[in-house]
Amino acid sequence: MNAVLTLPGTDIPVIDESRMQNEFGGAPEILVELRDLFLEHAPLIYGTIVQALADGDSQTIADDAHSLKGACATYGAERLTLVCKQMESAARAGDVELARDYEEALAHECDAVIEAVKELNVD
């Protein structure tokens, strides 16, 4: 069964900087810390998900997709949040094959969010 992944339109930004500024704009040190933590941990979580997909480990897929989803929500990364949500749901249902169908979208969106976070002007 192939996943039907419906992402929001391309007019939705990779991350929502205005949301971050509204929530944390008065505390730039928090933005710097969040950026640094995300850049440190997101690639590790992504790598763990990829390995879990290869291993067929639905519990790790679900847990790490959930973790990445939460981290992405901080940045208003709606597209990546949706991919993580769908991958998590598939894995929680024990459908590793369906979760694997989201791997390409996960890679694409994760790379885009990481690059956007790197470019944030928070210093």
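Counting in this note's numbering, the final residue of the sequence shown is number 136, and the numbers go up one at a time with none missing.
From the three backbone atoms N, C-alpha and C, an ideal C-beta is built for every residue, glycine too.
Predicted model only: the values in this text are computed from it and were never measured.
Exercise. Rounded to whole angstroms, what's the CA-CA distance from M33 to A40? Just pull it up for me.
Key: Here the question's residue 33 lines up with position 20 in the sequence shown. Here the question's residue 40 lines up with position 27 in the sequence shown. Roughly 11 Å separates the two Cα atoms.
Quiz item: Shortest alpha-carbon distance to Y115 belongs to which of V63, G83, A86?
Solution: What you label residue 115 is simply residue 102 of the sequence shown in a count that begins at 1. Taking only the C-alpha atoms, the option nearest Y115 is V63.
Practice problem: Label K82 either buried or exposed according to how many other C-beta atoms from any shown protein chain fall within 10 Å of its C-beta, with 16 as the threshold for buried. | Solution: Here residue 82 refers to the residue found at position 69 when the sequence shown is read from its first residue. K82 should be labelled buried.
Exercise. Can you give me the start and stop residues for the alpha helix (DSSP H) that V126 sits inside?
Key: Locating residue 126 in the sequence shown gives position 113, counting from the first residue. Looking at the DSSP string, the run of the alpha helix (DSSP H) that includes V126 is 116-131.
Practice problem: Would you kindly work out how many angstroms separate the C-alpha atoms of V27 and I43, rounded to a whole number? | Solution: By 1-based counting over the sequence shown, the position of residue 27 is 14. By 1-based counting over the sequence shown, the position of residue 43 is 30. Their Cα atoms are separated by approximately 20 Å.
Self-check item: Rounded Cβ spacing between V126 and L95 (contact assumed at less than 8 Å)
Solution: To locate residue 126, count along the sequence shown from 1; it is residue 113. To locate residue 95, count along the sequence shown from 1; it is residue 82. Contact flag wrong, Cβ pair sits at about 12 Å.
Exercise. Taking all protein chains shown into account, decide if L57 is buried (16 or more other Cβ within 10 angstroms of its Cβ) or exposed.
Key: Here residue 57 refers to the residue found at position 44 when the sequence shown is read from its first residue. Exposed: under 16 other Cβ atoms inside 10 Å.
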